[in-house]
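Student:
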Amino acid sequence: MPLVNPQKMLEAARDGGYCVGAFNIVDFLSIEAVVAAAEATRAPVMLQTSSGVIKKFGVRKLVAMARLAADHSPVPVALHLDHGTDVKVLSEAIKAGYSSVMIDASEHPFEKNVAITKSVVEEAHAAGVSVEGEVGRVVGVEDDIVVHQDDAIYTTPEEALEFQRRTGVDFLAAAIGTAHGFYKVEPKLNIDTLRKIRAQATFPLVVHGGTGLPFEVIQELVRAGATKMNLSTQIKKTYIDGLYDYIAAKRTEYDIIKVLAHAKSELVTMISGYIEVLGGAGKAE
Ligand SMILES: [Zn+2]
0 MPLVNPQKML EAARDGGYCV GAFNIVDFLS IEAVVAAAEA TRAPVMLQTS
50 SGVIKKFGVR KLVAMARLAA DHSPVPVALH LDHGTDVKVL SEAIKAGYSS
100 VMIDASEHPF EKNVAITKSV VEEAHAAGVS VEGEVGRVVG VEDDIVVHQD
150 DAIYTTPEEA LEFQRRTGVD FLAAAIGTAH GFYKVEPKLN IDTLRKIRAQ
200 ATFPLVVHGG TGLPFEVIQE LVRAGATKMN LSTQIKKTYI DGLYDYIAAK
250 RTEYDIIKVL AHAKSELVTM ISGYIEVLGG AGKAE
């Protein structure tokens, strides 16, 4: 089916107590792997692109690749721009056919974050595109965005609700102690904050930094109200390990299709596992 605006899938997930996996793709193979995993588990799914991937391909090529995979698939697939900081790039993505974008103006003070986010919401909604905002600061490295542990700002329920009310974002990333990249120390998660926001919020909540969290912690986050969970670093790790393992085992075999097929198969298995843990399996119907 055509790319879908994820608003309905996220609202259904929030009401149904499960979570939609949002996977950061890096090329067409990883797009195919995410969609194949969603089909295997009959789950709705979100493809996400980071600023680095957008720099490499450009938004038009990414939309074309996502459409190619989604159009022939029976499960709903959304294309989302992850951590947009450049309003110009967001505008290009909206015009090119993204079904959802994230404006990350969380580096700015609250009022400026509200103003920038609100302007993106106006443009996106006029085009039928949904918007994710961020309040508080998620730590770690996300392409060009580097946030140190000392600069982490945990979202409070009050500001989450005020931010959504004033900006009109469709879903909101709350900084509750998860981080981008690999965890070097065990994260201090503020799951109770998520629970408190969920109790009062009418909008879906997003948790970034899914890589490295134990499955039981992920399930606790889902029970607490996480409705969209982002997974990026694990995609890169499984992809690279898949290539490496195959090549290391068969150093003199030069069948590139088999090498890539092995990496893709590893990705499909890993992504399907996350979809199951998030509770999204069987929810495409
Ligand atoms: Zn993120």
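In numbering that gives the first Met the number 0, the protein residues as written are 0 to 284.
Don't be surprised by glycine CBs; every beta carbon is placed ideally from N, CA and C.
#1: Return yes when at least one heavy atom of ligand 1 lies under 7 Å from the C-beta of Asp85, else no.
#2: Which residues mark the beginning and the end of the alpha helix (DSSP H) in which Leu193 is found?
#3: State whether the region 135–147 contacts the region 169–181, with contact taken as three or more CB pairs (one from each stretch) at a distance under 8 Å.
#4: Can you tell me whether DSSP reads Arg136 as helix, strand or coil?
#5: Within 10 Å of its beta-carbon, does Arg250 have 16 or more other beta-carbons around it, so buried, or fewer, so exposed?
#6: Do Phe162 and Thr226 come within 8 Å of each other at the CB atom, strictly closer than that value?
#7: DSSP beta-bridge partners for His79?
#8: Taking only three categories from DSSP, how would you classify Ile234?
#9: Return helix, strand or coil for Asn4, following the three-state DSSP convention.
#10: For a test of your reading of the model: does the CB of Val137 fall under 7 Å from any non-hydrogen atom of ligand 1? Yes or no.
#11: At a cut-off of 7 Å, would you count Asn229 as near ligand 1, judging by its Cβ distance to the nearest heavy atom?
#12: DSSP on Leu259, reduced to helix/strand/coil?
#13: How about Met269 and Gln233: are their beta carbons less than 8 Å apart?
#14: Assuming Pro159 is part of the alpha helix (DSSP H), what are its boundary residues?
#15: Do you know whose CA, among Val33, Ser98 and Asp103, lies nearest His207's CA?
#16: From the DSSP output, which residues share a beta bridge with Ile246?
#17: For Gln47, which residues of its own chain have a beta-carbon under 6 Å away from its beta-carbon, when the five flanking residues on both sides are left out?
#18: Could you compute how far the alpha carbon of Glu10 sits from the alpha carbon of Cys18?
#19: Measuring only the C-alpha atoms, how far is Lys236 from Gly211?
#20: Please return the same chain residues whose Cβ sits closer than 8 Å to the Cβ of Ser72, not counting the five positions on each side in sequence.
#21: Could you tell me whether the Cβ atoms of Leu266 and Gly224 are closer together than 8 Å?
#22: According to DSSP, simplified to helix, strand and coil, what is Ala126?
#23: Since Gly279 and Pro43 should fall inside the 8 Å C-beta cutoff, what is the C-beta to C-beta distance between them, to a whole number of angstroms?
#24: Under 8 Å, do Ile152 and Val128 count as touching if we go by C-beta distance?
#25: Assuming the contact rule is C-beta atoms closer than 8 Å, Lys263 and Glu31 should be a hit. Round their C-beta distance to whole Å, please.
Tutor: In short, the structure shows the following:
#1: no
#2: Ile190 to Gln199
#3: yes
#4: strand
#5: exposed
#6: no
#7: Gln47 and Ser99
#8: helix
#9: coil
#10: yes
#11: yes
#12: helix
#13: yes
#14: Per the sequence shown, the amino acid found at residue 159 is Ala instead of Pro. Pro156 to Thr166 is the extent of the alpha helix (DSSP H) around Ala159.
#15: Asp103
#16: BP columns for Ile246 are empty, so no partner.
#17: Ala21, Asn23, His79 and Asp81
#18: 10 Å
#19: 11 Å
#20: Met0, Val34, Ala37 and Glu38
#21: no
#22: coil
#23: 7 Å
#24: no
#25: 7 Å
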